[in-house]
Amino acid sequence: ECRGTGYRGRVGIYELLTATEATRELVMARASSGRIVESALRSGDLALLRVDAMEKVRAGLTTLDEALQTTRA
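Numbering follows the numbering used here, with no gaps: position 22 of the sequence shown is 136.
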């Protein structure tokens, strides 16, 4: 059922932290999660949930409203 949205089914949105040597070193050093995230964002090793949702909107797989509602901060 599309419930009047024009979309049917489900599409996953994902947040992914790539386990690099730099990330491993920060984890082993017991760095804060904020520091790990900051480092991963700078190096491009973290794909954020909202960014993935917006890519799905651009691809026509979901609506902007649904993406924003699902990834509310």
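Glycine residues also receive a C-beta, built at the ideal position from the N, C-alpha and C atoms. Predicted, not measured: the structure shown is a model, and the values here were computed from it.
Give me the residue from R164, E139 and A136 with the minimum Cα distance to Q183. Ranking R164, E139 and A136 by Cα distance to Q183 puts R164 first.
My output table needs one value for A161: the three-state DSSP class, helix, strand or coil. In this structure, A161 counts as strand in the three-state DSSP scheme.
Using a Cβ-Cβ distance cut-off of 7 angstroms, determine whether T132 contacts chain B. The structure shown contains no chain B; it is built from a single protein chain.
For the stretch 127-153, which segments carrying the alpha helix (DSSP H) assignment without a break, of at least 4 residues, lie completely within its bounds, in sequence order? Annotation note: the stretch 127-153 contains the following uninterrupted alpha helix (DSSP H) runs of length 4 or greater, listed N- to C-terminal: 135-142.
In terms of alpha-carbon separation, which member of L130, V125, K170 and R122 lies closest to L155? For L155, the nearest C-alpha among the options comes from L130.
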